[in-house]
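Chemist:
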Amino acid sequence: MKLFPTTPPASDSQAPLKKALTTPLLYFFILGDVLGAGVYVLVGQVAAESGGAVWAPLLAALCLALLTAASYAELVTKYPRAGGASHYATLAYGPFFGFLAGFCMLAAGVVSVAALARGFGGDYLSEFVSLPIVLVTIVFLTALALLNARGISESTRANVVATVIEVGGLLLVIGLGAWIVLRGDGDMGRLTDLGTARQGPAAALLSGAVLAYYSFVGFETSVNVAEETRDPRRSYPRALFGALVTAGAVYALVGVAAAVAVPTAKLTESSGPLLEVVRAAGGVPAELFSAIALVAVANGALLTGIMSSRLAYGMARDGLLPRFLTKVLPGRRTPWAAIAATAALSLLLALTGDVTTLASTLVLLLLVVFFLVNTSLLVLRRDTASQNHFRAPTIVPVLGAASCVMLATQIDRDVWLRGLLVLAVGACLGAIAAVRSARAS
Numbered sequence: 001m002k003l004f005p006t007t008p009p010a011s012d013s014q015a016p017l018k019k020a021l022t023t024p025l026l027y028f029f030i031l032g033d034v035l036g037a038g039v040y041v042l043v044g045q046v047a048a049e050s051g052g053a054v055w056a057p058l059l060a061a062l063c064l065a066l067l068t069a070a071s072y073a074e075l076v077t078k079y080p081r082a083g084g085a086s087h088y089a090t091l092a093y094g095p096f097f098g099f100l101a102g103f104c105m106l107a108a109g110v111v112s113v114a115a116l117a118r119g120f121g122g123d124y125l126s127e128f129v130s131l132p133i134v135l136v137t138i139v140f141l142t143a144l145a146l147l148n149a150r151g152i153s154e155s156t157r158a159n160v161v162a163t164v165i166e167v168g169g170l171l172l173v174i175g176l177g178a179w180i181v182l183r184g185d186g187d188m189g190r191l192t193d194l195g196t197a198r199q200g201p202a203a204a205l206l207s208g209a210v211l212a213y214y215s216f217v218g219f220e221t222s223v224n225v226a227e228e229t230r231d232p233r234r235s236y237p238r239a240l241f242g243a244l245v246t247a248g249a250v251y252a253l254v255g256v257a258a259a260v261a262v263p264t265a266k267l268t269e270s271s272g273p274l275l276e277v278v279r280a281a282g283g284v285p286a287e288l289f290s291a292i293a294l295v296a297v298a299n300g301a302l303l304t305g306i307m308s309s310r311l312a313y314g315m316a317r318d319g320l321l322p323r324f325l326t327k328v329l330p331g332r333r334t335p336w337a338a339i340a341a342t343a344a345l346s347l348l349l350a351l352t353g354d355v356t357t358l359a360s361t362l363v364l365l366l367l368v369v370f371f372l373v374n375t376s377l378l379v380l381r382r383d384t385a386s387q388n389h390f391r392a393p394t395i396v397p398v399l400g401a402a403s404c405v406m407l408a409t410q411i412d413r414d415v416w417l418r419g420l421l422v423l424a425v426g427a428c429l430g431a432i433a434a435v436r437s438a439r440a441s
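Residue numbers (our numbering): 1 to 441.
Written as structure tokens, this is what we have:
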């Protein structure tokens, strides 16, 4: 099969990346990316869409994420190099769709930071101080941009500590939910309450799964460390599926705890839904858990901001975005222009949309990426030149692509209008990139 040509960086052959990641290290890397801030903020919104059985859309989202994860596992083990969805779409369809996939990933990162900035200024922060959401958003995003610009080593060291704290917070919620049930105060009946006044059980499950899907994003970024993994053909599928199943189990238990501990109406009204579980249980200071949640939200925004700014910098360096974005700080060597631009866009979005709208917009953009990944796998099945690799049953990428379409149909019209505007910009820039690629070849 003749693939569309891609031009590897000149340094690939001169300085290959060190293969340092073992299966356990890769597992924790992916788990740290997936387990994060989304569930701290969105459990209430998921309940509003699906009813009291919050665990059901969380598990449905896990099953749908596993379909696309299987496609990633095959592509990563077949083409173990950095680049991710953009690389696979370029191989299968050419530079236009390759650029579109990369652009959607960049836009999704910017939207995610905006959603988390809105979440930071909600009920968790209100435990300490009551401030206007606009002021909180501006200060929060400015502080994140400054930490990002200070250096990646400082940012990643902060991430290690924050990841331990945020996982501890989720385990605390699960333990408190179990305590509420054991002392006889939980309402187990809410665990089967699927559906709302507006939607029946099936439609409510899908609507909730759209938002719950946000909690599982992050696994797709792990493809960029494939080159640094020892024996990726063996390690990557094990680490990927293991991390997703672990995250799914934690999220489902968190959903169960929230459902049995807090009336659904109260859960849906809170912008700090897991804080309501802590209040219902008692014994743990609300301020302590709020601090944990704020660390989780800030950590998620920091990691996503790092990814977005570096992706913008890389695309600008390749001539796909304005060259201005390649400017770096002389001493720190961090891409200050890309950091400033992505932070400014996140601020604009955060000031013009609520958490639910922003989360749904992010999911829509990632569904475009995941659709391209699943269909790219089917196209690239004709390329048999590579060594042995993980192979998913053919039905898996088919179902993965279909699941992307199905979830996209559940997204509101207003979110589609935002998403289509982003896709239109990406398509225009992608057409320019494709023309440049054709002239260069």
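Glycine included, every Cβ here is placed at the ideal spot set by N, Cα and C.
#1: What does the Cβ neighbour count give for ALA197, buried or exposed, with the cut at 16 atoms within 10 Å?
#2: List, from N- to C-terminal side, the alpha helix (DSSP H) runs of 4 residues or more that fit wholly inside the region 37-77.
#3: Quick one: does ASP354 have its CB under 8 Å from some CB of chain B?
#4: Leaving out five residues before and five after GLY400 in sequence, what residues of the same chain have Cβ atoms less than 6 Å from its Cβ?
#5: Do the CB positions of PRO237 and PHE390 come within less than 8 Å of each other?
#6: Count the other CB atoms, across all protein chains shown, that sit within 10 Å of the CB of ALA265; report buried if there are 16 or more and exposed otherwise.
#7: CA-CA distance, ARG233 and VAL136?
#8: Would you be able to state if there are at least three C-beta pairs under 8 Å between the region 136-148 and the region 113-123?
#9: Could you check what DSSP says for GLY189 in three-state terms: helix, strand or coil?
#10: Would you call the CB atoms of GLY109 and THR304 closer than 8 Å?
#11: If we ignore side chains and look at the alpha-carbon of each, how far apart do ALA392 and ALA344 end up?
#12: Pick from THR268, VAL295, SER207: whose alpha carbon is nearest that of VAL161?
#13: Would LEU240 pass as a contact of LEU62 if the rule is Cβ separation under 8 Å?
#14: Looking only at its own chain, which residues have a Cβ that is under 7 Å from the Cβ of THR221, when we skip the five neighbours before and after it?
#15: Less than 8 Å between the beta carbons of LEU35 and ALA209, yes or no?
#16: Leaving out five residues before and five after VAL451 in sequence, what residues of the same chain have Cβ atoms less than 8 Å from its Cβ?
#17: Give me the Cβ distance between ILE339 and ALA149, rounded to the nearest whole Å; I'm assuming they're in contact under 8 Å.
#18: For ASP318, which three-state DSSP category applies?
#19: Pick helix, strand or coil for THR196, following the three-state DSSP scheme.
#20: By the 10 Å Cβ neighbour count, where 16 or more other Cβ atoms means buried, how is GLY200 classified, buried or exposed?
#21: Three-state secondary structure (DSSP) at SER86?
#22: Would you call LEU42 buried or exposed, if buried means 16 or more other Cβ atoms sit within 10 Å of its Cβ?
#23: How far does the alpha helix (DSSP H) with ILE133 in it extend, from its first residue to its last?
#24: Can you grab the Cα-Cα spacing for the pair ALA252 / GLY168, in whole Å?
#25: With VAL379 and LEU423 assumed to form a contact (beta carbons below 8 Å), what rounded beta-carbon distance in angstroms separates them?
Modeler: Once the coordinates are examined:
#1: exposed
#2: 38-50
#3: Going by chain labels, chain B is absent from the structure shown, which holds only one protein chain.
#4: Excluding sequence positions up to five before and after GLY400, its CB lies within less than 6 Å of the CB of LEU67, THR68, SER71, ASN374, all in the same chain and listed in chain order.
#5: yes
#6: exposed
#7: 45 Å
#8: They touch, by the three-pair rule.
#9: helix
#10: yes
#11: 40 Å
#12: VAL295
#13: no
#14: ASP33, MET307
#15: no
#16: This structure gives no information on residue 451, because the portion of the chain shown stretches from 1 to 441.
#17: 5 Å
#18: coil
#19: coil
#20: Exposed, since its Cβ has fewer than 16 Cβ neighbours within 10 Å.
#21: helix
#22: buried
#23: 133-150
#24: 16 Å
#25: The pair is not a contact, with the Cβ atoms about 21 Å apart (cut-off 8 Å).
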